[in-house]
Amino acid sequence: MIVFDKVSKSYGDSVVIKELSFMIGKGELFVLIGASGCGKTTTMKMINRLIEPSSGKISIDSQDISFTDPVMLRRDIGYVIQQIGLFPHMTIEQNVALVPKLKNMNPAAYMKRVDELLNMVGLDPTLFKRRYPSELSGGQQQRVGVIRALAADPPIILMDEPFSALDPISREQLQDELTGLQKQIHKTIVFVTHDMDEALKIADRICMLKDGKIIQIGTPHELVNQPQNESVIDFIGRKRLQRNHSAYSGHTGG
Amino acid sequence: MDTILGMFEIFVDDWNNVLMLLLEHIYMSFTGVLFAILIGVPLAVAMTKSKVLAQSIQVLINLVQTIPSLALLLIVLIFLGLGYQTVIVALFCYSLMPIIQNSFVGLSNVDRNLIEAGIGMGMTSRQLLFQVKIPLSMPVILAGIRVALVIAVGIATIGTLVGAGGLGKLIYRGIATSNDAKLLAGAIPAALLAILLDSVVGRLEKKLNRSRRHAA
Chain A
102 MIVFDKVSKS YGDSVVIKEL SFMIGKGELF VLIGASGCGK TTTMKMINRL
152 IEPSSGKISI DSQDISFTDP VMLRRDIGYV IQQIGLFPHM TIEQNVALVP
202 KLKNMNPAAY MKRVDELLNM VGLDPTLFKR RYPSELSGGQ QQRVGVIRAL
252 AADPPIILMD EPFSALDPIS REQLQDELTG LQKQIHKTIV FVTHDMDEAL
302 KIADRICMLK DGKIIQIGTP HELVNQPQNE SVIDFIGRKR LQRNHSAYSG
352 HTGG
Chain B
134 MDTILGMFEI FVDDWNNVLM LLLEHIYMSF TGVLFAILIG VPLAVAMTKS
184 KVLAQSIQVL INLVQTIPSL ALLLIVLIFL GLGYQTVIVA LFCYSLMPII
234 QNSFVGLSNV DRNLIEAGIG MGMTSRQLLF QVKIPLSMPV ILAGIRVALV
284 IAVGIATIGT LVGAGGLGKL IYRGIATSND AKLLAGAIPA ALLAILLDSV
334 VGRLEKKLNR SRRHAA
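These protein sequences, in sequence, are chains A and B.
Each residue of the first sequence is one higher than the one before, starting from 102 at the first, in this note's numbering.
Each residue of the second sequence is one higher than the one before, starting from 134 at the first, in this note's numbering.
This is the structure we're talking about:
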């Protein structure tokens, strides 16, 4: 469980995050959404201490993370970035095995795991293991990006707009695969996006940010059916609200 | 035509002497460049961490580069006397600039996203340096080493003036005795050596670039 307790972040005079307080449950797929500059990525990067909060406290499983060693903390948190971030000078196998190797895990065990993970996302290990990232399509690369984050079996995974650079078809496929995967692995996933369709499709809960403040937290159903103010309605979009209202009213029971 | 034939005559009749001078030439050039790599690359790493250091070193190595090679050789001669060591130190000074410059540019231009991915995955700064930054800037560093080697092979020809051997010995003896065949017997192997090193290291660079093309 990840808890934010009155977390703020400012750079000089400009405050980018204003007293955020919320919690993310274990095994939840939690989406942070908002327009660019709303602080969603900053919020996410504070969880693995790529950015340090100016004030407030973040804890994981009731341990204040500001007292942990950031390197050790990060090895227990999977990280997927928008630009894919596969190392071009390493093979697919070396990329996926990176964190287990950093953690000095048993090579025989993690090599087996690399094969399992590649199979899990439909990439034949015998074909892909020895290839370099540049030899894969964008969608294949980001599948590798996702399984790389899973390789050391971390309880938490952070995903920073992981599918936004992909073409619409690959994006939809990867979204489906992610939700399918999540049903098997039950990780706590913090997912940053600016794409409302994506958020509504994959999220257990959505946290909508504006100017560094939370404007609404809730399930996709709650956001669509009970948007709390004009900003939420604007962001979801009136058209989509009408369209999704019918789609989401099916399993609400009123 | 006669001079060309004369040159080949020297290669055939005096091959062991030419070979020895060539080996001396290679020894001086390689040692100078090797020390420049050993000092230059770590220095470039330090430069990426401190702006003040980066600027002061850049001023310094540019300054050294403006000293004419003969003058630099004589300055070093004052301290180290005649012999190989003087040439090697001079070659070291000249090799530093391309190696430091390229290593610095290469290291500072590693994709920020990849660096952040490395940090985010839990690499220590040392792991980041050796597993990400240096391998990714290798093609650029190698380009610097290539330039340094070519410069070193060229400058090593004046080594003979301070009592070191090398192919310069044949060249200067050829000049002194107006023997063009002798001059060419020194100049042509030196030129070929430079071309060979340039293409070998250039090929290595290309090979690295091919397998390490940036993930789109």
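Backbone N, C-alpha and C define an ideal beta-carbon position, used for all residues, glycine too.
Predicted, not measured: the structure shown is a model, and the values here were computed from it.
Exposed or buried, what is residue i when buried is set at 16 or more other beta-carbons lying within 10 Å of its beta-carbon?
{"i": "residue 246(A)", "result": "buried"}
{"i": "residue 138(A)", "result": "exposed"}
{"i": "residue 254(B)", "result": "buried"}
{"i": "residue 134(B)", "result": "exposed"}
{"i": "residue 165(A)", "result": "exposed"}
{"i": "residue 236(B)", "result": "buried"}
{"i": "residue 182(B)", "result": "exposed"}
Using C-beta distances below 7 Å, list every residue in its chain close to residue i, excluding the 5 sequence neighbours before and after it, in chain order.
{"i": "residue 203(B)", "result": "291"}
{"i": "residue 155(A)", "result": "109, 110 and 111"}
{"i": "residue 356(A)", "result": "Within the shown structure, residues of chain A are numbered from 102 to 355, placing residue 356(A) beyond reach of any answer."}
{"i": "residue 143(A)", "result": "110, 117, 118 and 152"}
{"i": "residue 335(B)", "result": "279"}
{"i": "residue 203(A)", "result": "176"}
{"i": "residue 168(B)", "result": "225"}
{"i": "residue 239(B)", "result": "270, 273 and 274"}
{"i": "residue 348(B)", "result": "Caution applies to residue 348(B), whose pLDDT of 40 falls short of 50 and renders its modelled position unreliable; the value that the coordinates give is listed next. Nothing listed; no residue qualifies."}
Determine the DSSP secondary structure at residue i, reduced to helix, strand or coil.
{"i": "residue 232(A)", "result": "coil"}
{"i": "residue 145(B)", "result": "helix"}
{"i": "residue 140(A)", "result": "coil"}
{"i": "residue 207(B)", "result": "helix"}
{"i": "residue 222(A)", "result": "coil"}
{"i": "residue 118(A)", "result": "strand"}
{"i": "residue 236(B)", "result": "helix"}
{"i": "residue 270(B)", "result": "helix"}
{"i": "residue 238(A)", "result": "coil"}
{"i": "residue 201(B)", "result": "coil"}
{"i": "residue 328(A)", "result": "coil"}
{"i": "residue 204(A)", "result": "coil"}
{"i": "residue 140(B)", "result": "helix"}
{"i": "residue 188(A)", "result": "coil"}
Have a look at the DSSP bridge pairing and note the partners of residue i.
{"i": "residue 106(A)", "result": "158(A)"}
{"i": "residue 359(A)", "result": "Past the boundaries of the shown model lies residue 359(A); chain A is included only from 102 to 355, so the question cannot be answered."}
{"i": "residue 308(A)", "result": "133(A) and 318(A)"}
{"i": "residue 299(B)", "result": "Note: residue 299(B) sits in no beta bridge, so no partner."}
{"i": "residue 164(A)", "result": "161(A)"}
{"i": "residue 294(A)", "result": "134(A)"}
{"i": "residue 145(A)", "result": "DSSP output for residue 145(A) lists no bridge partner at all."}
{"i": "residue 181(A)", "result": "260(A)"}
{"i": "residue 289(A)", "result": "257(A)"}
{"i": "residue 227(B)", "result": "According to DSSP, which records beta bridges pairwise, residue 227(B) is partnered with nothing at all."}
{"i": "residue 111(A)", "result": "116(A)"}
Excluding five sequence neighbours on each side, which residues of the same chain lie with their C-beta closer than 8 Å to the C-beta of residue i?
{"i": "residue 304(A)", "result": "130, 131, 132, 292, 320 and 321"}
{"i": "residue 197(B)", "result": "205, 226, 227, 229 and 230"}
{"i": "residue 275(A)", "result": "240, 243, 244, 247, 263, 264 and 267"}
{"i": "residue 196(A)", "result": "187, 188, 234, 245 and 249"}
{"i": "residue 128(A)", "result": "287, 288 and 289"}
{"i": "residue 216(B)", "result": "295, 296 and 297"}
Suppose the cutoff is 6 Å on Cβ atoms and the five residues either side in sequence are ignored; what does the same chain contact list for residue i look like?
{"i": "residue 300(A)", "result": "132, 134, 294 and 307"}
{"i": "residue 272(B)", "result": "338, 341 and 342"}
{"i": "residue 198(A)", "result": "211 and 215"}
{"i": "residue 331(A)", "result": "none"}
{"i": "residue 187(B)", "result": "180"}
Determine, using beta carbons only, whether residue i comes closer than 7 Å to chain D.
{"i": "residue 204(A)", "result": "Going by chain labels, chain D is absent from the structure shown, which instead holds the protein chains A and B."}
Original post:
Looking at chain B, which residues of the stretch 144-156 of chain A have a Cβ within less than 7 Å of any of its Cβ atoms?
Top reply: Those residues of the stretch 144-156 of chain A that come within reach of chain B (Cβ to Cβ, closer than 7 Å) are 149 and 151.
Original post:
At a Cβ cut of 7 Å, what residues of the stretch 181-204 of chain A count as close to chain B, listed as they run along the chain?
Top reply: Within the stretch 181-204 of chain A, 182, 184, 185, 186, 187, 188, 189, 190, 199, 200 and 203 place their CB atoms closer than 7 Å to a CB of chain B, listed in sequence order.
**OP:** Quick one: which residues of the stretch 132-144 of chain A get their C-beta closer than 7 Å to a C-beta of chain B? List them in chain order.
**Re:** Going along the stretch 132-144 of chain A in chain order, one finds no residue with a Cβ nearer than 7 Å to chain B.
Original post:
Can you list, in chain order, the residues of the stretch 159-180 of chain A whose Cβ is nearer than 9 Å to any Cβ on chain B?
Top reply: Hits within the stretch, in order: 171, 172, 173, 174, 175, 176, 177, 178, 179 and 180.
Original post:
the stretch 276-307 of chain B: which residues have C-beta closer than 7 Å to a C-beta of chain A, in chain order?
Top reply: Listed in sequence order: no entries.
Subject >> Contact set between the stretch 136-155 of chain B and chain A, restricted to residues whose Cβ is under 9 Å from the partner >> reply: Across the stretch 136-155 of chain B, no CB contact with chain A closer than 9 Å is found for any residue.
**OP:** Scan the stretch 214-230 of chain B for residues whose Cβ lies nearer than 7 Å to a Cβ of chain A and list them as they occur along the chain.
**Re:** Contact annotation: in the stretch 214-230 of chain B, no residue has its CB less than 7 Å from a CB in chain A.
Original post:
What residues in the stretch 158-189 of chain B bring their beta carbon closer than 9 Å to a beta carbon of chain A?
Top reply: For the stretch 158-189 of chain B, the set of residues with a beta-carbon nearer than 9 Å to any beta-carbon of chain A is empty.
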